[in-house]
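Written below as structure tokens is the structure these notes are about.
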Amino acid sequence: MLAEQLLEAISKPITLNNETIHTSASIGLCFYPQHGTTVDALLKCADSAMYQAKQAGRNTYHISA
18 MLAEQLLEAI SKPITLNNET IHTSASIGLC FYPQHGTTVD ALLKCADSAM
68 YQAKQAGRNT YHISA
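This note's numbering numbers the first residue of the sequence shown as 18 and each following residue consecutively.
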């Protein structure tokens with residue numbers, strides 16, 4: 018799944034000015050038209066799904082039900 022590939026790429030350490038930076042992401046996924054038919058509705062849905070991913074432990078994704 019694309020979300021898993023994104024999380025893997027984002028979580029790779031980055032070396033900058035001799036310092037290693039670790040990053041992670043929480044991704045919320047919604048689909049048109051199942052979860053909304055307007056940009057605003059889809060963004061609201063994805064935002065909610067992102068917070069559910071954060072609550073699940075971060076560095077993960079959540080697909081809206």
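C-beta atoms are modelled at their ideal positions from N, C-alpha and C, and glycine is treated no differently.
The stretch 47 to 56 / the stretch 67 to 74 touching (three or more Cβ pairs under 8 Å): Fewer than three beta-carbon pairs drawn from the stretch 47 to 56 and the stretch 67 to 74 are found closer than 8 Å, and the two stretches are therefore not classed as touching.
Could you tell me whether the stretch 63 to 72 touches the stretch 27 to 39, using the rule of 3 or more Cβ pairs below 8 Å? At 8 Å Cβ cutoff, the stretches do not touch.
I need the DSSP call for Y78, collapsed to helix, strand or coil. Three-state DSSP puts Y78 in a strand.
Taking the straight line between their C-alpha atoms, what separation do you get for Q51 and I80? A straight line joining the alpha-carbon of Q51 with that of I80 spans about 12 Å.
Can you tell me where the alpha helix (DSSP H) with C62 in it begins and where it stops? That run of the alpha helix (DSSP H) goes V56 to Q72.
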